[in-house]
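Mapping of the sequence shown onto the working numbering: position 67 corresponds to residue 68, and the numbering continues sequentially without gaps.
Beta carbons are placed, not taken as given, at the ideal position from N, Cα and C, and that holds for glycine.
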Amino acid sequence: MKTSIKTSTSSMTAVPKPLKFLRPHYETLTKLQEDWPEGDDKTSLADVLSVIGMTFSDDERQDTLKYRLLAPSSDIISWGHEYSRHLALEIGEVYGKRIVADEDTKDLVDLALILVPTFLQSNGEADAVDLMSELEIIEQLPNYVDENTYARVCLYMVSMVNLLTYPDNELFLKTAHDIYITYKQYTQAMVLAIRLNDIDLIKADFDKAQDPALKKQLGFLYSINVVSIFTVGRIGRLELGAVSLATMTATITCYAPFQGLATSLDTLCAQAYGSGHRHL
């Protein structure tokens with residue numbers, strides 16, 4: 002049955018013909034699965050029943066999750082991305098019910114953490130982030146990203162912040178900040194530290210950056226975002242050539258480089274369109 006279902010269509014977005022054929026026999030198969038003794042056959046049938054469960058629209062059944070929990074070691078990714086998304090949806094629904102009923106959710110979290118890497122590998126970072134957020138384990142996300150996925154994950158997380166309420170918004174920013182720091186993206190991390198208004202975090206980001214030119218960039222970034230002047234003393238007075246970090250963060254010289262560039266390009270003063278061209 003597994004082979005027929007997987008090979009009957011190139012995409013699990015469509016309902017394969019074997020699933021349509023098996024649906025009338027679904028109740029019989031579920032009874033058979035319950036009666037079978039423990040073993041590989043019982044687990045394998047639960048795996049198939051989990052997929053057939055996608056064809057039911059009854060929100061109360063949630064059989065896709067029910068039978069997946071009975072076959073947790075099976076190759077989930079082989080059933081396709083749409084199956085994984087459907088399973089993630091049911092995990093979130095059941096998790097909410099268990100929280101209300103004050104029931105254990107460890108099996109749901111364990112299953113979700115199996116799905117997360119499959120989402121990230123298939124450019125489904127939104128699905129991974131949403132699932133971990135719904136299960137309140139977003140702080141574990143840094144353990145599952147790599148150099149190929151962290152940028153997209155952080156971009157999605159930051160884009161979601163304005164739609165979240167406290168404390169979820171700060172948790173998203175902090176998690177994305179930690180990921181950026183792990184991959185030495187200090188400029189992006191500094192932007193998030195400033196949004197968090199966490200002076201200790203800002204100072205830590207300065208300290209982690211070793212390149213003098215990068216420290217200057219962070220200093221200007223700090224001042225452009227108009228962070229309060231009283232924090233300058235906490236950042237320190239590290240000398241960077243002719244300009245101190247404290248001076249930059251105090252916004253004293255923040256715009257001097259831009260003015261210097263504009264002067265060099267002769268664009269400091271606004272000019273009317275066409276003023277530099279001869280009239281015919």
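Buried or exposed by the 16-neighbour rule on C-beta atoms within 10 Å, applied to residue i
i	result
L266	exposed
L33	exposed
L164	exposed
G261	exposed
Q122	exposed
R235	With a pLDDT of 49 at R235, under the threshold of 50, the modelled position of that residue is not reliable, and no figure is offered here.
T97	Per the sequence presented here, residue 97 reads as Gly, with Thr not at that position. Burial call: exposed.
Q211	exposed
T65	buried
I100	exposed
D76	exposed
Y167	exposed
Test item: CB-CB of residue i and residue j under 8 angstroms
i	j	result
V146	V154	yes
L136	A113	yes
I180	A194	no
L30	W37	no
V159	M133	no
L70	T44	no
Y1	E148	Residue 1 cannot be examined here, being either before or after the span of the chain that is shown, 2 to 281.
E171	L197	yes
G54	Y68	yes
S206	L219	Correcting the residue identity first, residue 206 is Asp in this sequence and not Ser. Yes. Within cutoff.
K209	I182	yes
Beta-carbon contacts of residue i that lie in its chain and below 7 angstroms, excluding the five residues immediately before and after
i	result
I138	V110
D128	R86, A89 and F120
L215	Y187
Y157	E126, A127 and V130
Close beta carbons around residue i, own chain, < 6 angstroms, minus the five adjacent residues each side
i	result
D41	none
Should the region 43-52 be regarded as contacting the region 92-103, the criterion being three or more beta carbon pairs within less than 8 angstroms?
-> no
What residue ranges within the region 133-178 form continuous alpha helix (DSSP H) runs of no fewer than 4 residues, ordered along the chain?
-> 151-161
So does the region 166-175 actually touch the region 184-191, counting three or more Cβ pairs closer than 8 angstroms?
-> no
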